[in-house]
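Here's the structure, in structure tokens; my notes come after.
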Amino acid sequence: MKDHLIIFDTTLRDGEQSPGASMTKEEKVRIARQLERMQVDIIEAGFPAASNGDFNAVKAVANAIKGSTVCGLARATREDINRAGEALKNANSARIHTFIATSPIHMEKKLRMSPDQVLKQAVDSVKWARQFTDNVEFSPEDAGRTNIDFLCRVLEAVIKAGATTLNIPDTVGYTMPEQFGGLIHTLYERIPNSDKVIFSVHCHNDLGLAVANSLSAVLNGARQVECTINGLGERAGNASLEEIVMAVRTRQDLFPCDTRIDATHIVPASKLISGITGFPVQPNKAIVGANAFAHEAGIHQDGVLKHRETYEIMRAEDVGWGANKLSLGKHSGRNAFRNRLADLGIELESEEVLNTTFMRFKELADKKHDIFDEDLHALVSDEALTLQEHYKLLSLTAHSETGETPYANIVIAEEGKELHAKSDGSGPVDATFRAIEKILSSGADLQLYSVNNITSGTDSQGEVTVRLQKSGRIVNGHGADTDIVVASAKAYLSALNKLHSKLERAHPQV
Ligand code: KIV
Ligand code: ZN
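Each residue of the sequence shown is one higher than the one before, counting from 0 in numbering that gives the first Met the number 0.
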């Protein structure tokens with residue numbers, strides 16, 4: 000019998016810490032349902048003490064998910080742990096993850112605490128967390144740069160205090176695979192009560208080694224890996240879930256363990272997260288990149304045609320690549336629509352929202368013959384954004400003609416007031432954004448504009464992401480439409496709506 004390797008997904012927490020990747024409560028619940036379908040063991044849903052929005056999102060995920068454990072992050076303070084305990088109280092299975100930094104540089108320069116104070120706070124916090132759940136994870140932040148003797152002292156003490164999982168973070172992505180694997184081995188050997196807990200690892204990708212370091216740790220006894228879909232996460236990101244899962248599965252000759260992940264849900268999960276966050280997946284990204292299974296060189300194509308395994312170590316369909324799934328068409332009724340959404344794990348808030356989304360589906364089906372699952376995801380995201388709108392797009396005319404200066408005429412509603420503007424620009428999208436700025440004068444700085452077709456074909460919906468920055472805040476806005484200029488206007492307004500909502504959140508590491 001092989002050991003079970005626990006997959007702890009932190010897309011909704013560390014992934015969300017990527018600048019601009021913040022997610023709404025509804026988006027988090029949709030992603031969590033996809034992770035549950037994939038059979039992720041533990042979903043870290045957020046950092047409840049960060050803001051009321053984060054608290055509510057963790058609570059909503061805890062209420063919705065039954066097949067995975069839901070985890071909330073808390074700094075090693077009673078206040079943070081109380082918030083996490085409260086947010087998770089209805090979870091079928093809950094975990095509290097508490098952490099404090101243990102490296103000399105973090106203790107001295109950031110926390111301004113002595114090692115003994117840090118040790119005491121770690122122990123107190125684990126004990127405190129145990130009153131909410133008997134599933135408590137402790138992380139010594141920046142373990143990769145922590146003195147080994149001190150690390151062993153802290154870990155031994157928190158096991159005695161009741162921690163059940165010890166997570167070893169390489170917070171700044173500093174370690175090398177052999178070194179990190181060696182660290183896990185040493186901890187097992189040196190900590191007297193190490194057999195009472197599961198060792199976990201949490202690696203960042205600053206030197207591109209997050210997956211390699213995690214796998215090296217698994218070969219040295221770690222039985223939980225913290226990772227994210229598409230490797231999303233703070234700075235250069237975290238270890239990517241799809242790479243960890245498929246490396247362990249493909250090299251069963253080397254690994255003494257396997258995961259319970261249903262890998263056929265990986266590609267849909269990757270697309271969902273990339274659509275929601277607006278972070279595109281690079282084409283050559285392992286497993287989920289568009290070219291990951293494409294053979295260009297003639298000699299490769301020839302080999303694959305003769306015998307697939309000449310050039311393929313995994314099968315595309317095993318990780319969820321397949322033709323876009325035809326979902327619904329123009330004649331589909333309300334029930335078929337509702338059932339398909341349920342199959343995709345999408346639950347709409349009320350009958351009223353179902354009705355308006357269904358109307359939008361019919362409008363889309365008039366413009367586009369075949370509706371795919373990806374279209375439905377985009378439609379629901381669009382509808383959710385519309386419901387939170389302070390600025391609403393009422394109408395748009397964009398004109399472009401060879402030899403003429405493009406222009407756009409736009410009408411926006413702000414709290415019931417209609418606002419009109421016309422502007423020219425270097426192209427219809429530029430003219431549209433200028434017209435919006437003429438009305439709203441946001442002064443925000445455009446950091447990213449990207450268009451992706453949701454499915455293939457020129458009748459596909461275009462999904463636009465706009466990233467804006469203002470006064471240190473970075474937000475992503477999304478919009479989808481068969482007309483990419485309209486999708487662009489929706490995305491720009493969606494970003495402005497997010498800036499307008501001014502929700503402030505604390506950062507867990509500060
Ligand atoms: O990178 C890190 O150290 C973290 C901890 C909170 C586990 O994200
Ligand atoms: Zn992290």
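Don't be surprised by glycine CBs; every beta carbon is placed ideally from N, CA and C.
The nearest non-hydrogen atom of the ligand ZN is 7 Å or more from the C-beta of residue 204.
CA-to-CA, the gap between residue 58 and residue 40 works out to about 18 Å. For residue 179, the enclosing alpha helix (DSSP H) covers residues 176-189.
Restricting attention to 79, 487, 407, the CA atom closest to the CA of residue 508 is found in 79. Counting other Cβ atoms within 10 Å of its Cβ, residue 33 reaches 16 or more and is therefore classed as buried. The beta carbon of residue 13 sits closer than 7 Å to at least one heavy atom of the ligand ZN. Leaving aside the five residues that flank residue 280 on each side, the residues in its chain whose CB is nearer than 7 Å to its CB run, in chain order, 229, 269, 273, 287, 288. Boundaries of the alpha helix (DSSP H) around residue 499: 483-500.
For the ligand KIV, no non-hydrogen atom lies closer than 7 Å to the CB of residue 105. Per DSSP, reduced to three states, the secondary structure at residue 154 is helical. Secondary structure note for residue 117: its alpha helix (DSSP H) is the uninterrupted segment 114-128. Secondary structure remark: continuous alpha helix (DSSP H) runs of at least 4 residues inside the stretch 413-487, in chain order: 427-439. Membership of residue 46 in any alpha helix (DSSP H) is not indicated, and neither H nor E is assigned to it by DSSP.
For residue 198, the enclosing beta strand (DSSP E) starts and ends at 197-202.
Comparing alpha carbon positions, the residue from 499, 291, 88 closest to residue 312 is 291.
If you look at residue 79, you'll find it in the alpha helix (DSSP H) that goes 77-86. In the structure shown, residue 237 falls within a strand segment according to DSSP collapsed to helix, strand and coil.
Distances from the CB of residue 136 to the heavy atoms of the ligand ZN are all 7 Å or more. A Cβ-Cβ separation of about 19 Å leaves residue 201 out of contact with residue 146 under the 8 Å criterion.
Contact between residue 492 and residue 406 does not hold, since their C-beta atoms are separated by about 19 Å, which reaches or exceeds 8 Å. Contact between the stretch 117-128 and the stretch 143-157 is established, with three or more Cβ pairs separated by less than 8 Å.
In this structure, the ligand ZN has a non-hydrogen atom nearer than 7 Å to the beta-carbon of residue 168. The Cβ-Cβ distance between residue 486 and residue 435 does not fall below 8 Å.
DSSP, read as helix, strand or coil, puts residue 18 in coil. For residue 274, the three-state secondary structure derived from DSSP is helix. Three or more pairs of CB atoms, one per stretch, sit closer than 8 Å, so the stretch 471-484 contacts the stretch 454-463. At the C-beta level, residue 149 and residue 176 stay beyond 8 Å of one another.
Boundaries of the alpha helix (DSSP H) around residue 357: 350-366. The Cβ atoms of residue 14 and residue 231 lie closer than 8 Å to each other. A direct Cα-to-Cα measurement between residue 372 and residue 347 gives close to 16 Å. In this structure, residue 47 has its CB at a distance of at least 7 Å from all heavy atoms of the ligand KIV. Annotation: residue 143 to residue 93 spans about 27 Å, alpha carbon to alpha carbon. Beta-bridge partners assigned by DSSP to residue 138: 98. The stretch 94-112 makes no contact with the stretch 51-65; the number of CB pairs closer than 8 Å stays below 3. DSSP places residue 215 in the uninterrupted alpha helix (DSSP H) bounded by 209-218. Per DSSP, the unbroken beta strand (DSSP E) holding residue 5 starts and ends at 5-8.
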